[in-house]
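Asker: Mind the numbering: the sequence shown is residues 0 to 432 in numbering that gives the first Met the number 0, read in order.
Cβ atoms here follow ideal geometry from the backbone N, Cα and C, with glycine treated the same way.
First, the structure itself, so that you have it in front of you.
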Amino acid sequence: MDEFVVSGAFIVTNSGKNIADGAVAIKSGRIADVGERESVLREWRGAEVIEVPGRVLMPGLINCHYHTGLTFLRGVAAASDFEAWMDDYVAPLEASLDEEASYAAALLSCWEMVRSGTTCFADMHLNVEAVARAVEEVGIRGYLSQTIADSYHFKGMDTLKVNELFVRRWRRKRGLVHPMFGPCAIRLTSKRLMLESAALANEYDSGIHTHLSENLNDVEYSLRNYGKRPTHFLGECGLLGNRTIAAHGVWLDDSERALLSRTGTTVVHNPTSNAFLRSGTARVRRLLDENVNVALGTDTAACNGNANTFAEMKQAFLSSMIQDSRETVQPSEVFRMATLGGAKALGLDAGRIERGAQADMVVLRPEPFMLPLEDRLWPFENEIVLSATPSNVETVIVAGRIVLRDGRLMTTDESAIIKRFSVSAQALLAKLK
């Protein structure tokens, strides 16, 4: 459908006042009108109408940090630290991943994210073309990069060349796939690769996806090898700016937060991963107070368990509550991180239900967790953050296309995804025994 109306919902606009009995007109992938139900229906009399009375219509969630290939490690036990996790689980698995396995993992990940109300994600993976195929098949937006690294099994300049070819192939297609460069992390990627990545990103006017100060070892490594803290090192390499998303940002000092603010760099908060890998607790309140844009990410299923951005929002709020009371981040702020913060980070005109914005939206069945449907002494967004789960997700719209309806994927065969992933998982895990 190129033109249709979603009618009768409680609309969480994220751009002003919520609408108790509203409707949204969608045309050519964008929101053409939003307002009171009767007014919109009168204006769009000839359009097909999807009635959703008693439902919640909200902007699609944006997961700004993920690694689809590691979905095979879902359920792995907590390691003693990040290095043990990498050495014992991640590196052996990634060394065995071929295109088919990467494609199978990406299909399952994309389906899981859509089923969890996510309409857009940023991913770093070593078989990036396979992820792009899955993105197009499922119908989610993907901001994708090749893992650029020269440690473990990664092949240095070859990874950079693969990423450049990917950017050249996809940058002008303007579909669901958006290419980025992925210089992985300060301890896994040499300074030469960091500099080359920054130069190419500038040449192609492309975004950058990297890790920043995930744990104290990153800070110590940077001070020992480069004589400066990680954020300042990334700045020296030309990797900071408003097209950069930097995952984690757990161990930042005041000078680093100020630099991130000046350069417009986004920090992607991954509270569940930070806890799982014993990385620490990010000081998100301080970032927000410094006017640093903060987005939200689930990180990989290997250090989270799933790609559930609803759960990640709640974790982001709760992880701020166990700190000093001055570090508290309100649920409504977390909701903005998972919507408008992610949209700003990726340069995407989304994250809100407003005329002219991209039609990336989610319909929730509120029963029983989010009743009653009204703004009270607190914003309704609080209830989404604290109470919503993937079981509430009924319909998902990406770029004006219905990709999930009544909880079922409309774009491809769910059973085929399950079978494909199971076959790849059995083969991979047999190699790792």
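1. Would DSSP call Tyr151 helix, strand or coil?
2. Roughly how many angstroms separate the alpha carbons of Ala129 and Leu276, rounded to a whole number?
3. Taking the alpha-carbon positions, what's the Met156 to His210 distance?
4. Applying the criterion that 16 or more other CB atoms from any shown protein chain within 10 Å of the CB defines a buried residue, is Ala429 buried or exposed?
5. Just to confirm before moving on: does the CB-CB distance between Phe472 and Leu40 stay below 8 Å?
6. Is it right to say Ser319 is buried, meaning 16 or more other beta carbons lie within 10 angstroms of its own, or is it exposed?
7. Here's the rule: buried if 16 or more other CB atoms are within 10 angstroms of the residue's CB, otherwise exposed. What is Gln425?
8. Looking at Glu393: is its Cβ nearer than 8 Å to the Cβ of Asp412?
9. Beta carbon of Leu347: closer than 7 Å to some heavy atom of the ligand GDP?
10. Quick check on the DSSP output: what are the complete alpha helix (DSSP H) runs of length 4 or more inside the segment 190 to 239, in order along the chain?
11. Name the DSSP bridge partner or partners of Cys119?
12. Going by C-alpha distance, which of Glu99, Leu215, Glu235, Arg191 is nearest Ala80?
13. Check the C-beta distance from Ala281 over to Gly248 and give it rounded, since I have them as a contact under 8 Å.
14. First and last residue of the alpha helix (DSSP H) that includes Asp288?
15. Mind checking which residues open and close the beta strand (DSSP E) that includes Ser6?
16. How is the alpha helix (DSSP H) around Arg335 delimited, first residue to last?
17. How many whole angstroms separate the CB atoms of Thr12 and Arg364, which I take to be in contact at a CB cut-off of 8 Å?
18. Give the single residue among Ser272, Asp288, Ala294, Arg242 whose Cα lies nearest to the Cα of Val266.
19. How many Å lie between Gly21 and Gly226 at the Cα?
20. If you reduce the DSSP assignment to three classes, tell me which class Ala356 lands in.
21. Cutting at 7 Å between CB atoms, please list the residues of its own chain near Tyr203, excluding the five before and the five after it.
22. By the three-class DSSP mapping on this structure, what secondary structure does Lys26 have?
23. Which residues mark the beginning and the end of the beta strand (DSSP E) in which Glu47 is found?
24. How should Met321 be labelled, buried or exposed, when 16 other C-beta atoms within 10 angstroms of its C-beta is the threshold for buried?
25. What does the alpha-carbon distance come out to for the pair Thr230 and Ala94?
26. According to DSSP, simplified to helix, strand and coil, what is Gly34?
27. I'd like to know if the segment 376 to 389 and the segment 328 to 337 are in contact, where contact means that at least 3 CB-CB pairs between them fall below 8 Å.
28. In chain order, what residues of the same chain lie with their CB nearer than 6 Å to the CB of Leu431, ignoring the 5 residues before and after it?
29. Which same chain residues, not among the five before or five after Thr299, have their C-beta less than 6 Å away from its C-beta?
30. Just curious, the beta strand (DSSP E) that Glu448 is in, first and last residue?
31. Comparing C-alpha positions only, which one of Met312, Thr308, Ala310, Leu258 sits nearest to Leu286?
32. Where does Thr338 sit, in a helix, a strand or coil, going by DSSP?
33. Using the C-alpha atoms, what's the distance from Arg261 back to Tyr88?
34. Using only alpha-carbon positions, find the residue among Gln145, Thr388, Pro182, Arg407 that is nearest to Phe368.
35. I need the DSSP call for Ala387, collapsed to helix, strand or coil.
36. Would you call Asn126 buried or exposed, if buried means 16 or more other Cβ atoms sit within 10 Å of its Cβ?
Answerer: Taking the geometry as given:
1. The sequence position of residue 151 within the sequence shown is 152, counting from 1. Tyr151: coil per DSSP, three-state reduction.
2. The sequence position of residue 129 within the sequence shown is 130, counting from 1. The sequence position of residue 276 within the sequence shown is 277, counting from 1. Cα-Cα distance, rounded: 27 Å.
3. Within the sequence shown, the letter at position 157 stands for residue 156. Within the sequence shown, the letter at position 211 stands for residue 210. Rounded to whole angstroms, Met156 to His210 spans 19 Å at the Cα level.
4. Walking along the sequence shown from the start, residue 429 turns up at place 430. Counting Cβ neighbours within 10 Å, Ala429 comes out exposed, since fewer than 16 surround it.
5. This structure does not reach residue 472, given that the chain is present from 0 up to 432, and the question cannot be answered.
6. In the sequence shown, the residue the question calls residue 319 occupies position 320. Flag for Ser319 reads buried.
7. Residue 425 sits at position 426 when you count from the first residue of the sequence shown. It counts as exposed.
8. Translated into the one-based positions of the sequence shown, residue 393 becomes position 394. Translated into the one-based positions of the sequence shown, residue 412 becomes position 413. Going by C-beta atoms, Glu393 is not nearer than 8 Å to Asp412.
9. The ligand GDP is not part of the structure shown, which contains no ligands of any sort.
10. 190 to 203, 215 to 225, 229 to 235
11. If you number the sequence shown from 1, residue 119 lands on position 120. Answer by DSSP bridge pairing, in chain order: Ile61, Arg140.
12. Within the sequence shown, numbered from 1, the residue matching residue 80 stands at position 81. According to the sequence provided, residue 80 is Asp. The question's Ala does not apply to it. Comparing Cα-Cα distances from Asp80 to each of Glu99, Leu215, Glu235, Arg191, the minimum goes to Leu215.
13. Sequence index remark: in the sequence shown, residue 281 carries index 282 (1-based). Sequence index remark: in the sequence shown, residue 248 carries index 249 (1-based). Rounded, the Cβ-Cβ distance is 6 Å, consistent with contact.
14. On the sequence shown, position 289 is the one that residue 288 refers to. Taken as a continuous stretch (DSSP letters only), the alpha helix (DSSP H) holding Asp288 covers 283 to 288.
15. Position 7 of the sequence shown, counting from 1, holds the residue named residue 6. Note, Ser6: beta strand (DSSP E), 2 to 10.
16. As a position in the sequence shown, residue 335 is number 336, starting the count at 1. Start and end: 330 to 335.
17. On the sequence shown, residue 12 is found 13 positions in, with the first residue counted as 1. On the sequence shown, residue 364 is found 365 positions in, with the first residue counted as 1. That belief does not hold up - the Cβ atoms of Thr12 and Arg364 are roughly 19 Å apart, past 8 Å.
18. Counting from 1 along the sequence shown, the entry for residue 266 is found at position 267. Checked all of Ser272, Asp288, Ala294, Arg242; the closest Cα to Val266 is Ala294.
19. Taking the first residue of the sequence shown as position 1, residue 21 is located at position 22. Taking the first residue of the sequence shown as position 1, residue 226 is located at position 227. Each residue's alpha carbon lies about 56 Å from the other.
20. Translated into the one-based positions of the sequence shown, residue 356 becomes position 357. DSSP places Ala356 in coil when its eight states are reduced to three.
21. Against the sequence shown, residue 203 aligns to sequence position 204. Within the same chain, Tyr203 has close Cβ partners Val166, Arg170.
22. Taking the first residue of the sequence shown as 1, we reach residue 26 at position 27. Note: Lys26 maps to strand in three-state DSSP.
23. Translated into positions along the sequence shown, residue 47 becomes position 48. 47 to 50 is the extent of the beta strand (DSSP E) around Glu47.
24. Taking the sequence shown and counting its residues from 1, one reaches residue 321 at position 322. Per the sequence presented here, residue 321 reads as Ile, with Met not at that position. The residue is exposed, with fewer than 16 neighbouring Cβ atoms inside 10 Å.
25. Position 231 of the sequence shown, counted from the start, is the residue given in the question as residue 230. Position 95 of the sequence shown, counted from the start, is the residue given in the question as residue 94. Rounded to whole angstroms, Thr230 to Ala94 spans 29 Å at the Cα level.
26. Within the sequence shown, the letter at position 35 stands for residue 34. In this structure, Gly34 counts as strand in the three-state DSSP scheme.
27. yes
28. Counting from one through the sequence shown, the residue named residue 431 turns up at place 432. So the list reads Pro91, once near-sequence residues are dropped.
29. Taking the sequence shown and counting its residues from 1, one reaches residue 299 at position 300. Correct list, in chain order: His66, Leu69.
30. Examination of residue 448 is not possible in this model, given that the chain is present from 0 through 432 alone.
31. Locating residue 286 in the sequence shown gives position 287, where the first residue counts as 1. Nearest C-alpha to Leu286: Leu258.
32. As a working note, residue 338 is residue 339 in the sequence shown. If DSSP states are grouped into helix, strand and coil, Thr338 belongs with the helices.
33. As a working mapping, residue 88 is identified with position 89 in the sequence shown. As a working mapping, residue 261 is identified with position 262 in the sequence shown. Roughly 37 Å between the two C-alpha positions.
34. Taking the first residue of the sequence shown as position 1, residue 368 is located at position 369. The option with the nearest alpha carbon to Phe368 is Thr388.
35. Residue 387 sits at position 388 when you count from the first residue of the sequence shown. Ala387 falls in the coil class under three-state DSSP.
36. Within the sequence shown, the letter at position 127 stands for residue 126. Buried is the call here.
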